[in-house]
Amino acid sequence: MSTKMHTTSNTERAVLVALETNGDGADTIEARLDELAELTYTAGATVVRKIEQRRRAIDPAYLVGHGKADELAGEVREADASVVIFDNELSPTQQRNLGETLKTRIIDRTQLILDIFAHRARTREGKLQVELAQLTYLLPRLGSLYTKFERQQGGIGVRGGGGETKLELDRRKVRERIAELTHELDEVRTQRRQQRVARRKLPFPSAALVGYTSAGKSTLLNTLSGSEVLADQMLFSTLDPTTRRVVLPDGRGMLLTDTVGFIRNLPPDLVAAFRATLEEVSEADFLIHVVDASSPEFDRHRDTVMETLQAIGAGDQPIITVFNKADKVQDQYELRSIVAATPNAVYLSALTRDGIPYLMDRITEMVKSLVVQMDLSFPYSRSELVAFCYEFGVVQLVDYQPEAIHVKAEIARSLIGRLEEFWLNRPPAQPKPKEAWEE
């Protein structure tokens with residue numbers, strides 16, 4: 005299936021629109037517009053105007069109402085805007101009606117995020133995931149979205165790249181391509197599962213960095229591992245997971261994976277498309293939740309991340325909460341109070357490295373809670389279990405005695421069941437990893 009490449013000028017002028025209704029949640033309309041402006045900047049456009057609208061309910065034909073749409077048309081002409089970006093998701097009917105009224109390109113927040121992902125995707129997996137999300141979004145909009153605008157090309161929302169296809173693709177071809185992409189991503193998922201199995205053979209626990217986009221996860225990964233993963237201030241600088249080995253103060257090693265940042269109302273199509281990548285989170289032994297402590301919206305960002313973790317089946321993972329960018333926080337007393345009230349939390353600056361030793365201590369404690377010291381005695385008929393201990397644990401002693409093989413090793417708690425019948429002097433009660441963390 006052929007593709008068409010487009011480019012976006014950095015001088016695109018965007019008008020941002022947000023609608024607030026009585027049923028909206030805790031996010032203020034101002035905070036939503038500010039975040040939309042950050043997304044717009046990341047996509048390479050200039051914000052020339054922000055417009056708020058409050059209504060009792062969403063207008064099914066124009067979202068903001070016919071009268072407000074007419075007002076917007078004047079604002080767009082006056083600002084000489086080339087694109088209008090709505091924070092609310094638009095139905096195909098709303099997008100068509102607004103396009104006819106405003107006489108310019110109309111996109112919504114979902115399209116904007118998809119556009120950024122299309123620009124940021126670098127690996128084959130990332131490009132496949134973005135293309136699947138784009139086509140899933142496009143499919144119900146083919147009939148109305150591209151009838152009148154099929155000759156408009158370039159700009160945010162129709163950016164070229166691995167995920168863009170001809171606007172005139174019919175539904176049959178789109179469905180065929182979605183089926184192909186789903187199959188290819190299933191293969192990627194299988195490969196990732198094999199990679200995780202291979203990593204499990206290493207005597208290292210694994211952790212995943214999670215957090216709101218631009219919270220500083222990649223900077224923290226670089227600081228802890230000495231790597232040079234891309235880290236910048238723009239949103240979604242990391243799309244493809246990166247795993248690095250981190251050496252702890254006591255000499256133990258662990259594997260740390262940087263993952264895609266979360267965001268408020270992350271489009272469901274993206275969550276589904278990035279399923280293979282997000283499995284890195286649910287399969288980790290524990291999570292390090294990075295929070296931008298300097299953001300006035302950090303509380304809502306933290307809630308968004310926790311809600312997303314629940315949605316992908318990782319809500320019960322043990323978590324260390326890291327309040328990052330502490331050097332930018334004005335009220336240090338309030339920051340300390342928040343950290344003290346948050347279980348298993350630290351504050352630091354990944355950029356200046358202040359507070360890193362405290363995080364390393366927390367990680368060390370977490371890693372210790374995931375393993376148990378075992379004094380084992382194997383009959384020679386089960387000598388293969390010595391190799392098992394070497395593969396999945398840290399062996400301190402092997403003593404070949406006349407009657408049995410004596411092994412002392414640190415073993416992951418999840419593997420105790422394989423060895424417990426050979427465990428000498430077992431303690432009376434061994435808590436599960438989650439219980440150990442909660443205590």
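Quick note on numbering: the numbering used here labels position 337 of the sequence shown as 341, and the sequence is numbered without any gaps. From the three backbone atoms N, C-alpha and C, an ideal C-beta is built for every residue, glycine too.
Are residue i and residue j close, meaning C-beta to C-beta below 9 Å?
i, j, result
"F208", "L259", "yes"
"T247", "S222", "no"
"Q405", "A413", "no"
"A416", "V375", "yes"
"I409", "P383", "yes"
"A219", "M370", "no"
"E301", "E39", "yes"
"L118", "L67", "no"
"L143", "I182", "yes"
"R196", "E135", "no"
"A330", "S299", "no"
"H305", "V326", "no"
"T97", "T50", "no"
"L339", "V350", "no"
"V192", "D91", "no"
"T312", "F266", "yes"
"R268", "R36", "yes"
"R256", "V398", "yes"
"D84", "R128", "no"
"R58", "L23", "yes"
"E34", "E56", "yes"
Bridge partners for residue i per DSSP, in chain order?
i, result
"I409", "F382, Y404"
"V275", "Per DSSP, none; premise fails for V275."
"S210", "L259"
"D296", "N328"
"I111", "I89"
"D38", "D38 pairs with nothing; no bridge assigned."
"V51", "A18"
"Q57", "L23"
"T127", "In the DSSP output, where bridge partners are listed per residue, T127 has none listed."
"A318", "DSSP lists no partner for A318."
"T246", "D262"
"G397", "I415"
"G215", "V294"
"I360", "In DSSP, I360 forms no bridge with anything."
"Y351", "F327"
"Q377", "E414"
"D63", "L67"
"V251", "G257"
Under 8 Å by Cβ, that's how I've got residue i and residue j pegged, so tell me the actual separation to the nearest angstrom.
i, j, result
"T444", "L213", "Not covered by the structure: residue 444. The range shown for the chain is 5 to 443."
"V80", "V19", "6 Å"
"L189", "L228", "About 30 Å separates the two Cβ atoms, so there is no contact after all."
"I109", "S95", "The sequence shown places Arg at residue 109, rather than the Ile named in the question. Going by Cβ atoms, the distance from R109 to S95 rounds to 17 Å, so no, they are not a contact pair."
"L225", "S231", "6 Å"
"T32", "A61", "Contact doesn't hold; Cβ gap of about 19 Å is too wide."
"Q138", "A122", "7 Å"
Identify which residue in the options has its Cα closest to the Cα of residue i.
i, options, result
"V295", "L423, T308, L142, D289", "T308"
"R113", "D331, L274, S210", "L274"
"L106", "L67, E395, L76", "L76"
"Q115", "R145, V251, E129", "R145"
"A47", "A137, I89, R100, D403", "I89"
"S286", "A318, L23, R58", "A318"
"L252", "R126, I367, S353, D403", "I367"
"S353", "L185, Q199, V333, D365", "V333"
"L43", "I120, D74, R100", "I120"
"P272", "E93, I55, Y45, D63", "E93"
"G215", "G130, D303, E184", "D303"
"A276", "Y45, F392, I316, T217", "I316"
"G421", "D365, C393, V402, E407", "C393"
"L423", "A391, E407, Y45", "A391"
"D254", "V264, Q99, D335, K372", "K372"
"H70", "E34, Q198, Q99", "Q99"
"T217", "D403, H187, E180, V264", "V264"
"A65", "A41, T186, E104", "E104"
"E395", "S385, L419, E407, D403", "L419"
Got a sec: does the ligand ADP put a non-hydrogen atom nearer than 8 Å to the Cβ of residue i?
i, result
"I292", "Absent from the structure shown: the ligand ADP. Ligands present: none."
Examine the Cβ distances between the stretch 418 to 428 and the stretch 375 to 385 and report whether three or more of them are shorter than 8 Å.
yes
Would you call the stretch 358 to 368 and the stretch 306 to 323 touching, i.e. three or more CB-CB distances under 8 Å?
no
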